[in-house]
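Have a look at the structure below, then the notes.
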Amino acid sequence: LVVNGTVYNEGNPSGTEIIENGSANGCDSIIQVSLTFLEQIYGNVEGSTAICPGETVQLTLHLQGASSFNVELSDGRTFFNVSDGHTFLVTPLVTATYKITLLTAVGSLCPVEIGPGATVTVSSLSPQINTTNYDGFGVSCAGSADGAVLAMASGGIPPLSFLWNTGATTADLSGIPAGSYTVTITDGVGCSRVASVALTAPEPITVVSSGQAPDCFNETGGRILLDSLAGGVAPFEYSLDGQFFQSLGGLPDTISGLAAGSYNLWIQDVNDCQAQVAVGVPEAQELILELGDDQTIKLG
Numbered sequence: 304l305v306v307n308g309t310v311y312n313e314g315n316p317s318g319t320e321i322i323e324n325g326s327a328n329g330c331d332s333i334i335q336v337s338l339t340f341l342e343q344i345y346g347n348v349e350g351s352t353a354i355c356p357g358e359t360v361q362l363t364l365h366l367q368g369a370s371s372f373n374v375e376l377s378d379g380r381t382f383f384n385v386s387d388g389h390t391f392l393v394t395p396l397v398t399a400t401y402k403i404t405l406l407t408a409v410g411s412l413c414p415v416e417i418g419p420g421a422t423v424t425v426s427s428l429s430p431q432i433n434t435t436n437y438d439g440f441g442v443s444c445a446g447s448a449d450g451a452v453l454a455m456a457s458g459g460i461p462p463l464s465f466l467w468n469t470g471a472t473t474a475d476l477s478g479i480p481a482g483s484y485t486v487t488i489t490d491g492v493g494c495s496r497v498a499s500v501a502l503t504a505p506e507p508i509t510v511v512s513s514g515q516a517p518d519c520f521n522e523t524g525g526r527i528l529l530d531s532l533a534g535g536v537a538p539f540e541y542s543l544d545g546q547f548f549q550s551l552g553g554l555p556d557t558i559s560g561l562a563a564g565s566y567n568l569w570i571q572d573v574n575d576c577q578a579q580v581a582v583g584v585p586e587a588q589e590l591i592l593e594l595g596d597d598q599t600i601k602l603g
């Protein structure tokens with residue numbers, strides 16, 4: 304309201320104005336200004352929070368400017384003749400924001416202001432476990448403890464906590480043997496999920512071998528025959544000293560050019576797992592010509 308050039312509003316609601324010669328007979332006019340403002344009609348939804356799937360949460364309508372309101376929400380619900388502080392329950396399947404889409408104050412024609420909504424964040428915690436991979440196995444060799452597991456999660460609400468069936472509370476385990484491992488992951492609002500994994504180990508390497516004598520006595524034509532092997536992870540190598548390894552072809556295979564004697568045969572797989580067996584290469588039988596006792600005869 305502007306009176307005599309003075310603006311009256313919510314910040315300046317009252318005052319006195321003198322208008323010279325303002326009356327019909329030329330006298331000055333005195334105007335008393337006293338404005339009363341109705342409270343702004345306002346509404347919003349409060350109670351933003353985070354929950355686990357399937358949980359129910361209570362939200363609150365914050366309403367001002369009148370004693371009674373009609374409210375329509377973004378989820379399609381309508382409330383009639385409700386007042387400030389009215390509550391309602393929601394059970395969202397996914398993260399959702401609930402806000403007022405239509406607000407009217409009963410008995411008031413004043414303009415309406417609608418505030419922000421309340422967001423209910425639904426935890427979608429999804430765990431997974433990554434493991435070491437030794438050519439298809441969780442640990443490198445039979446009896447080894449060189450496996451590792453790492454638990455991760457997506458969709459959860461930080462912070463995350465971890466609890467393994469071993470009692471460990473870290474996200475990862477290392478230096479572990481073959482076996483079953485289970486982790487419970489809990490997020491910041493208490494939602495929990497369980498994941499399990501089994502670390503496997505290859506079977507021990509076993510070798511079937513035999514030695515063959517050289518063709519002739521005191522020669523280096525002996526052989527070690529590799530008939531079969533099981534366990535481990537192909538491809539394989541062999542060594543007769545445990546240091547220098549050579550590729551092993553298809554079985555059966557032969558290591559030749561050996562003198563008679565005892566040998567330690569090492570078999571090593573792609574993960575450096577080893578097996579050792581003792582193999583004897585027999586000596587060839589020495590050929591001896593026996594002519595009998597010496598005899599003396601007379602000439603002729």
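Just so we're aligned, residue 304 is where the sequence shown starts under this note's numbering, counting upward by one. For every residue, glycine included, the Cβ atom is placed at its ideal position computed from N, Cα and C.
Element boundaries [beta strand (DSSP E), containing residue i]
i, result
"Ala537", "Taken as a continuous stretch (DSSP letters only), Ala537 belongs to no beta strand (DSSP E), as it is neither H nor E."
"Gly560", "556 to 561"
"Ile432", "429 to 434"
"Val409", "Looking at the DSSP string, Val409 is not in any beta strand (DSSP E), and its letter there is neither H nor E."
"Thr422", "421 to 425"
"Val397", "From DSSP, Val397 is part of no beta strand (DSSP E); its letter is neither H nor E."
"Asn347", "344 to 349"
"Asn315", "Element bounds for Asn315: n/a, residue is neither H nor E."
"Val486", "482 to 489"
"His389", "Element bounds for His389: n/a, residue is neither H nor E."
"Arg496", "495 to 502"
"Glu375", "372 to 376"
"Ile570", "564 to 571"
"Val511", "509 to 515"
C-alpha distance - residue i paired with residue j, whole-angstrom precision
i, j, result
"Val305", "Leu366", "31 Å"
"Asn433", "Glu522", "56 Å"
"Phe440", "Ser512", "27 Å"
"Tyr437", "Gln577", "15 Å"
"Phe539", "Ala516", "25 Å"
"Asn312", "Ala408", "22 Å"
"Asp609", "Arg496", "What is shown of the chain runs 304 to 603, which leaves residue 609 out entirely."
"Gly560", "Ser542", "14 Å"
"Leu466", "Thr390", "38 Å"
"Pro480", "Ser499", "15 Å"
"Val425", "Cys355", "6 Å"
"Thr557", "Asp575", "22 Å"
"Arg526", "Gly553", "16 Å"
"Asn315", "Glu358", "50 Å"
"Val393", "Ser317", "47 Å"
"Phe382", "Val310", "39 Å"
"Thr489", "Thr473", "12 Å"
"Leu529", "Gly493", "59 Å"
"Thr485", "Ser464", "14 Å"
"Pro555", "Glu586", "22 Å"
Best match in the options for proximity to residue i [C-alpha to C-alpha]
i, options, result
"Gln579", "Pro585, Val492, Glu589, Ser565", "Ser565"
"Lys402", "Gly314, Gly470, Asp575, Leu362", "Leu362"
"Gly491", "Thr503, Ala353, Thr319", "Ala353"
"Val584", "Gly595, Ala563, Leu594", "Ala563"
"Gln588", "Asp518, Trp569, Val573, Thr390", "Asp518"
"Gly446", "Glu506, Val423, Phe383, Thr390", "Glu506"
"Val397", "Phe383, Ser370, Leu428", "Leu428"
"Gly470", "Thr487, Met455, Gly482", "Thr487"
"Gln549", "Gln571, Thr424, Leu528, Pro555", "Gln571"
"Leu502", "Thr435, Glu358, Thr424", "Thr435"
"Met455", "Pro430, Leu529, Thr319", "Pro430"
"Phe547", "Asn567, Thr557, Cys494", "Asn567"
"Ala581", "Thr489, Asp556, Asp544, Leu602", "Asp544"
"Val385", "Leu392, Ser377, Leu364", "Leu364"
"Ala451", "Ser351, Ser377, Gly478", "Gly478"
"Gly368", "Glu342, Leu376, Phe383", "Glu342"
"Leu248", "Gly379, Leu528, Thr485", "In the structure as shown, the chain begins at 304 and stops at 603. Residue 248 is therefore absent and cannot be evaluated."
Outcome for residue i when other beta-carbon atoms lying within 10 angstroms are tallied against a minimum of 16
i, result
"Leu592", "exposed"
"Phe372", "buried"
"Cys444", "buried"
"Gln598", "exposed"
"Leu412", "exposed"
"Gly595", "exposed"
"Pro395", "buried"
"Ala537", "exposed"
"Gly420", "buried"
"Gly514", "buried"
is_contact[residue i, chain C] using C-beta, thresh 8 Å
i, result
"Ile558", "In the structure shown, chain C cannot be found, because there is only a single protein chain."
Item checked: Three-pair Cβ contact test at 8 Å for the segment 345 to 362 versus the segment 404 to 418 -> yes
Check: When the Cβ atoms of the segment 508 to 523 are set against those of the segment 451 to 463, are three or more pairs found closer than 8 Å?
Finding: no
Check: Below 8 Å, can you find three or more Cβ-Cβ pairs linking the segment 501 to 518 to the segment 531 to 543?
Finding: yes
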